[in-house]
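Peer 1: Can you keep this structure in mind? I'll have questions shortly.
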Amino acid sequence: MWSGIPAFYLGVPWPKGNKTSTPQATIVIQVVIEGRKDSKADVDVERGPDYHAAATAFPLDAAGLESFYTKDVFVCQPDGRPLYCSTCCQYKTDRAHHCREVDRCVRKMDHFCPWVGGVVSETSLKFFIQFVFYTTIFCAFALIVCAIFTAELKREMGTANVHWAVGIGLSGLFGLFTFGMTLSSVQLAMYNVTTIENLNRRSVVWTLAIRVPQHLLAKLTPNSQWAPTFRTITYPLPPMPPNPEAMPGTGHQQLIPPPGEQHVFAILQTLPGENPFDLGSPLKNLQQVMGYSLLDWILPLKHSPCADHSSMESAFAMGPVVSRLKQEAGLEARLDETSAAEQLPSYKRKRRRKRRQPEV
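Heads up: the sequence shown is residues 1 to 360, going by the UniProt record's numbering.
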């Protein structure tokens, strides 16, 4: 329990000179070392005393990757593995960032706000937007009321109340601050990006692992005429043997799962500035944070829809960018001319029919 405490805090005088073999110095060093041995890891104040980062750390093999390769799409590194946090010693989920204030990775972290006393992330961004919005309305109301009473008092009495003048200044200051936070938060929500992701929004390149459909796995063989333009990774990853020299050459093949249990993913990259989480509509992006009904937008009762990760497609909803990547890689059929023509307005289809009629 005395881990990291300097010697002078322990009430033991520090020896003078360069002699460190005195009994007093030996006692200090022994107490500090024993304290470090008995010390426990820092407790996460949000997850409770039973949570420790080391207890949930993932090794570098396939252990702990089931929550990733059971999805159809997830964010990965260039080699196909999920993003890894060297501080938490575990794989990071999509759009997760490590927060130094709470010393753990947070899903869809936006920022750490001391005004609300915690991390603003996927589970609290909606409530944060509602908080700054209602605070803006309250400050505007207080500003108007104080200004009216101050003007009436000065007109009738010829003097102004100092307290009301201070109220005008404070309500105006906090009103402008919360109004700017409201506009900024809503704008980022309409782009479906966080404050951290917005720092390099125009230049970031996302690397995605997209599942190869089952009917295309036969084309990935060396004898196939189909030449894919992407790299692949197969899950579960074969576990690393503790001593490769001690194992026979054929024994390692038994660790590879059968083809029916393998999950093959294509490693694809977006263009710079593309956002795979942009649903293509500002309203749809905003609904991922605020909800689908008017009551969800007004009342702070339900969590954001983006906090629900039960979908087997991906942890977060994907937009047209992912569909385009699938079509370019040949993982998804492109829209043919017939289906594209059906989506055109009726007057355009009539014009095409008139042009196709042969002249008499």
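Beta carbons: idealized from backbone N, C-alpha and C, even for Gly.
Please tell me whether residue 303 and residue 123 are closer than 8 Å, where the distance is taken between their beta carbons.
Peer 2: Cβ distance < 8 Å, so residue 303 and residue 123 count as in contact.
Peer 1: Kindly indicate which residue of 164, 300, 86 and 166 has the alpha-carbon position closest to the one of residue 129.
Peer 2: 300
Peer 1: Under a Cβ-count criterion, where at least 16 other Cβ atoms within 10 Å of its own Cβ denotes burial, should residue 194 be classed as buried or exposed?
Peer 2: buried
Peer 1: Tell me whether residue 83 sits in a helix, a strand or coil according to DSSP, three-state version.
Peer 2: coil
Peer 1: Helix or strand or just coil, what does DSSP make of residue 262?
Peer 2: coil
Peer 1: State yes or no: is the C-beta of residue 92 within less than 8 Å of the C-beta of residue 306?
Peer 2: no
Peer 1: Could you check how far apart the C-beta atoms of residue 282 and residue 181 are, in whole angstroms? I think they sit under 8 Å.
Peer 2: Not quite, the Cβ-Cβ distance comes to about 19 Å (not below 8 Å), so this is no contact.
Peer 1: Any idea what DSSP makes of residue 96, helix, strand or coil?
Peer 2: strand
Peer 1: Comparing alpha-carbon positions, which option in 71, 64 and 79 lies nearest residue 269?
Peer 2: Out of 71, 64 and 79, the CA that lies nearest to the CA of residue 269 is found in 79.
Peer 1: Considering just the uninterrupted stretch of the beta strand (DSSP E) at residue 232, what are its terminal residues?
Peer 2: 231 to 235
Peer 1: Quick one: Cα of residue 209 to Cα of residue 278, how far?
Peer 2: 17 Å
Peer 1: Taking the alpha-carbon of residue 192 as reference, which of 295, 273 and 219 has the nearest alpha-carbon?
Peer 2: Considering only 295, 273 and 219, the residue with the shortest C-alpha distance to residue 192 is 273.
Peer 1: Does DSSP classify residue 309 as helix, strand or coil?
Peer 2: coil
Peer 1: Got a sec? Which residues, its chain only, sit under 7 Å from residue 205 by beta carbon, not counting five neighbours each side?
Peer 2: 269, 270 and 272
Peer 1: Tell me, to the nearest whole angstrom, how far the beta carbon of residue 207 is from that of residue 75; I am working on the premise that it is less than 8 Å.
Peer 2: Indeed, because the Cβ distance is near 7 Å, the residues count as touching under 8 Å.
Peer 1: Do residue 322 and residue 125 have their beta-carbon atoms positioned less than 8 Å apart in this structure?
Peer 2: no
Peer 1: If I follow the unbroken alpha helix (DSSP H) through residue 178, where does it start and stop?
Peer 2: 162 to 191
Peer 1: Ends of the beta strand (DSSP E) at residue 367?
Peer 2: Any question about residue 367 goes unanswered here, given that the chain covers just 1 to 360.
Peer 1: Which of the three DSSP states, helix, strand or coil, is assigned to residue 211?
Peer 2: strand
Peer 1: Can you give me the C-alpha to C-alpha distance between residue 113 and residue 329, rounded to a whole angstrom?
Peer 2: 41 Å
Peer 1: Assuming the contact rule is C-beta atoms closer than 8 Å, residue 232 and residue 212 should be a hit. Round their C-beta distance to whole Å, please.
Peer 2: 7 Å
Peer 1: Give the straight-line distance between the Cα atoms of residue 95 and residue 69, rounded to the nearest whole angstrom.
Peer 2: 16 Å
Peer 1: Consult DSSP for residue 268 and reduce its assignment to one of helix, strand or coil.
Peer 2: strand
Peer 1: Please name the residue, chosen from 67, 85, 64 and 165, that lies closest to residue 146 on a Cα-to-Cα basis.
Peer 2: 165
Peer 1: How big is the Cα-Cα spacing for residue 100 and residue 139?
Peer 2: In this model, residue 100 and residue 139 are separated by some 32 Å (Cα to Cα).
Peer 1: Considering only the alpha carbon of each residue, which of 214, 221, 263 and 217 lies closest to residue 236?
Peer 2: 263
Peer 1: In the DSSP assignment, the alpha helix (DSSP H) including residue 146 goes from what residue to what residue?
Peer 2: 125 to 157 is the extent of the alpha helix (DSSP H) around residue 146.
Peer 1: Just to confirm my understanding: we take residue 297, look at its own chain, exclude 5 residues before and 5 after, and list those with CB closer than 7 Å. What are they?
Peer 2: Beyond the five residues adjoining it in sequence on each side, residue 297 comes within less than 7 Å, by CB distance, of 290 and 291 in the same chain, given in chain order.
Peer 1: Starting from residue 120, trace the beta strand (DSSP E) in both directions and tell me its first and last residue.
Peer 2: Segment 118 to 120, the beta strand (DSSP E) holding residue 120.
Peer 1: Checking the sheet assignment: what are the DSSP bridge partners for residue 90?
Peer 2: Looking at the DSSP output, residue 90 sits in a beta bridge with 85.
Peer 1: Comparing alpha-carbon positions, which option in 133, 261, 73 and 84 lies nearest residue 183?
Peer 2: 133
Peer 1: Ordered along the chain, which non-local residues of its own chain (more than five positions away) have a Cβ less than 6 Å from that of residue 152?
Peer 2: Nothing listed; no residue qualifies.
Peer 1: Count the other CB atoms within 10 Å of the CB of residue 104; is the residue buried (16 or more) or exposed (fewer)?
Peer 2: buried
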